[in-house]
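*Asks:* Going by the working numbering, the sequence shown wraps up at 1539, each residue one higher than the last. Just so it is clear, CB atoms sit at the ideal spot from N, CA and C, and this is done for glycine as well.
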Amino acid sequence: MVEPLIFDVRHFALDDGPGIRTTVFLKGCPLSCLWCHNPESMKSGLEIAFYPELCIGFGDCKAVCPEGAISLEGADRIIRDRCTACGKCTEECPTTALKTVGIYYSVSRLIEILLSDHIFYETSKGGVTFSGGEPTLYIDYVGEVAKQLKKHGVHVAIETSGMFNLTEFRTKLLPYVDLILYDIKLFNPLEHKQYTGKSNEQILYNLTGLVKETRVKIIPRVPLVPKITATSNNLTQIASFLRSIGASTCELLPYNPGGISKRIAVGRTIPPDLPATMMGIEEEKRLRKIFSSGMESIL
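(1) What number of angstroms, rounded off, separates the C-alpha of G1486 from the C-alpha of L1419?
(2) In this structure, what does DSSP give as the bridge partners for D1248?
(3) Less than 8 angstroms between the C-beta atoms of P1460 and Y1495, yes or no?
(4) Run through DSSP, which three-state label would I1318 get?
(5) Go to P1375, then tell me how far its beta strand (DSSP E) extends in each direction, as first and last residue.
(6) Which parts of the segment 1289-1374 are runs of the alpha helix (DSSP H), unbroken and 4 residues or longer, counting only runs that do not cross its ends?
(7) What does DSSP give as the partner residue(s) for A1397 in the beta ladder?
(8) Mind checking whether E1399 and D1255 have CB atoms under 8 angstroms apart?
(9) Which residue or residues does DSSP assign as beta-bridge partners of V1462?
(10) Taking the C-alpha atoms as reference points, what is the distance between E1362 and T1324?
(11) Check this for me: beta carbons of K1328 and C1305, under 8 angstroms apart or not?
(12) Are there three or more Cβ pairs, one per stretch, closer than 8 angstroms when the segment 1244-1264 is compared with the segment 1290-1299?
(13) From this set, R1349, E1384, K1412, S1480, which residue's C-alpha is nearest L1444's C-alpha?
(14) Please list, in chain order, all residues of the same chain as I1500 whose beta carbon is under 8 angstroms from its beta carbon, the five residues on each side excluded.
(15) How is the alpha helix (DSSP H) around H1432 delimited, first residue to last?
(16) Short of 8 angstroms in beta carbon distance, which residues of its chain neighbour V1394, apart from the five on each side in sequence? Order them along the chain.
(17) Can you check whether the CB of V1341 is closer than 8 angstroms to the CB of L1286?
(18) Give a yes or no on contact between the segment 1369-1380 and the segment 1397-1417, applying the rule of three or more CB pairs nearer than 8 angstroms.
(19) Below 8 angstroms, can you find three or more Cβ-Cβ pairs linking the segment 1520-1532 to the segment 1309-1321?
Pasting the structure below:
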């Protein structure tokens, strides 16, 4: 069983399923979405993030780096092509301006952490959500954690891009999941590949199979990225597809440009066509109407 790197365990989350939840964010994703809100999740390996607003220029980080990968000049203090993510610089940083992104948890340790919030799950009808990245990259690990959580009566949700082997998903994870939050970004396969790096054929195939074959609650979700996914043509096609496979609900996710600062922190470049501002409320309302006929939309 491959243990994934986990870059955050967020307690008291309210946006990743019903009730009060603990959300587990795993590193690694088969897609490379232009607008990714968690760009630190894209790569499966360890990374070092730099937050310049916290840096006081102390300098011990540079002294301890065995690769000479720290510079005290420039916007990004890390020379990325030299950095091996050994973490020695983060141990010396007094303000956490340098931070290791990712930590390994055994199945037993993660379950212990998640069950520490059990009282909040019970009182709020909440539970645990696996997010990322893409949790199904580590389907044996996530499946085992979910299986143990179900023994304690915990509601389990998973956020997914839909890029997984459906047969494996059915056998290893689906029996222990109560809610699937399923992203659909672009309906046109060429546009999907342009903006995410992969075609959407498997994503649409898997969603069709799950909606038709399982009683587990599935909520398709569409991120409203200005001028990319949030177009009348794209949303009309997605709405038509969802109706054709029998989906009754779709959640529309307002775009948040907060991923830009995270992208900078881990040394990613900023694509020139990445929207820098949120969409206006009236435009969101207009786009929501596309889903209003025969389908409940959540915004």
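*Replies:* So, to answer that:
(1) 17 angstroms
(2) F1265
(3) no
(4) strand
(5) Run containing P1375: none; DSSP gives neither H nor E here.
(6) 1300-1304, 1328-1332, 1347-1355, 1358-1364
(7) T1369, L1419
(8) no
(9) L1492
(10) 43 angstroms
(11) yes
(12) no
(13) S1480
(14) I1510, L1514, A1516
(15) 1429-1436
(16) L1354, L1355, H1358, Y1361, G1367, V1368
(17) yes
(18) yes
(19) no
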